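Line by line, the protein sequences are chains C and H.
Taken in order, the first sequence gives residues 236 to 429; the numbers are from the working numbering.
Taken in order, the second sequence gives residues 26 to 151; the numbers are from the working numbering.
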Amino acid sequence: MAPERQPPEGAARIAGGPEADLVARTLSGDKAAFGLLVERYAPQARRVARAVLGDPDEADDAAQDGFLSALVKLAQYDARRPFGPWLMRIVANAATDRRRRRQVRRAEPLDPGLVGGGPRPDAEAVRSELAELLRAALGELPPRRRTAVVLFDVEGYSHAEIAEILGIPEGTVRSEVFHARRRLRALLADWKGA
Amino acid sequence: MTDERTFDHRPDPELGAALRNALEPRGGTEGAFVARVLARYDAALAERTVPTWQVLAAWAGPRIAAAVVAAALCGFLAGRALQSRDAPASFDTAFEPASGPGLAALVTASDPPDASVVFASLVEQR
Chain C
236 MAPERQPPEG AARIAGGPEA DLVARTLSGD KAAFGLLVER YAPQARRVAR AVLGDPDEAD
296 DAAQDGFLSA LVKLAQYDAR RPFGPWLMRI VANAATDRRR RRQVRRAEPL DPGLVGGGPR
356 PDAEAVRSEL AELLRAALGE LPPRRRTAVV LFDVEGYSHA EIAEILGIPE GTVRSEVFHA
416 RRRLRALLAD WKGA
Chain H
26 MTDERTFDHR PDPELGAALR NALEPRGGTE GAFVARVLAR YDAALAERTV PTWQVLAAWA
86 GPRIAAAVVA AALCGFLAGR ALQSRDAPAS FDTAFEPASG PGLAALVTAS DPPDASVVFA
146 SLVEQR
């Protein structure tokens, strides 16, 4: 696995942070600056798109759509506000549009053989097995719910930011994260106990 | 990892790490993805220029409706104004001055008109 580039959490998400300069340069036609923005947010955007769509290839297409749409709309971005939620909203919308176009694909049922544990030849296989389980479990959740929990527990966005990204009330975000966590934690607990 | 933490307002590191691993893009480096996006950079900016017909189509609907309403209103008012006037019986009547040489004399005269005649003809038309 490639070395993890930390998603733009903390200081990078503060309004007027490093993104402000990159955004300004991109607006003045600096392609390299846009490239740095893409590089910085690509891991996060791809994960969020995958949370919405499930399919990794389609998720990459959606993430690309999101970045290019953000490029076109960049003049509308308010530099006094955090860049991450603004961009993730565009990416999530791009992924949701794709999902609507293709019709909601039915979640693949969990493989009973995987749930029971089975042989664990090495750590990578174990990680892969858990990842497969989690992806299947995510696929069973409603799209908005799985996106909310990924934005919260993986990307570190606040409830308020997720509300802005998904265009739903903050209370609804809390509810979605609660239900998603309950399901996913139960799965993790079962897997660890197996 | 218990349900007591379900309402935590903080991210769950264990769940987050597991989900992150599950959602990592398979194969291909981040650099390849960045290159793929940048390859569409120029095309995306070119598409930003919306064709004129699309702009027209966007605002034409309501504005055309407003123009139709305005034209109908103007036509109605103009029609009412014309109906309220007494229409002349004929072309000759319309050009016939009330008295004096008037417009007919001005038009048929061989000599240049005196300014007072022009003024008088205009006044007589009123």
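By construction, the Cβ of each residue, glycine as well, lies at the ideal position given by its N, Cα and C atoms.
These numbers come from a predicted model, not from an experiment.
Under a criterion of Cβ atoms nearer than 7 Å, no residue of chain H is adjacent to G428(C); the nearest Cβ is some 11 Å distant. The beta carbon of A372(C) sits closer than 7 Å to the beta carbons of R418, L419, L422 from its chain, once the five residues preceding and following it are set aside; these are given in chain order. Annotation for Y392(C): no alpha helix (DSSP H) segment contains it, and DSSP assigns it neither H nor E.
Scanning V384(C), S393(C), E254(C), G264(C) for the CA closest to the CA of V287(C) turns up V384(C). The criterion of a C-beta distance shorter than 9 Å is satisfied by L257(C) and R275(C).
For G406(C), the nearest beta carbon of chain H is not closer than 9 Å to its own beta carbon.
In the structure shown, R316(C) falls within a coil segment according to DSSP collapsed to helix, strand and coil. For P378(C) and R335(C), the gap between their C-alpha atoms comes out near 11 Å. Secondary structure at S263(C): coil, using DSSP grouped into helix, strand and coil. For L107(H), not one C-beta of chain C is nearer than 9 Å to its own C-beta. A residue is called buried when at least 16 other Cβ atoms come within 10 angstroms of its Cβ; E396(C) meets this threshold and is buried.
When secondary structure is reduced to three states using DSSP, E49(H) falls in the coil class, being assigned neither helix nor strand.
Within the same chain, no Cβ atom closer than 8 Å to the Cβ of I89(H) is found once the five residues on either side in sequence are excluded.
The beta carbons of A47(H) and L369(C) sit about 4 Å from each other, so the pair counts as a contact at 8 Å.
DSSP places S410(C) inside the alpha helix (DSSP H), whose first and last residues are 405-428.
The C-beta distance from L303(C) to V94(H) rounds to 41 Å, too long to fall under 8 Å, and the pair is not in contact.
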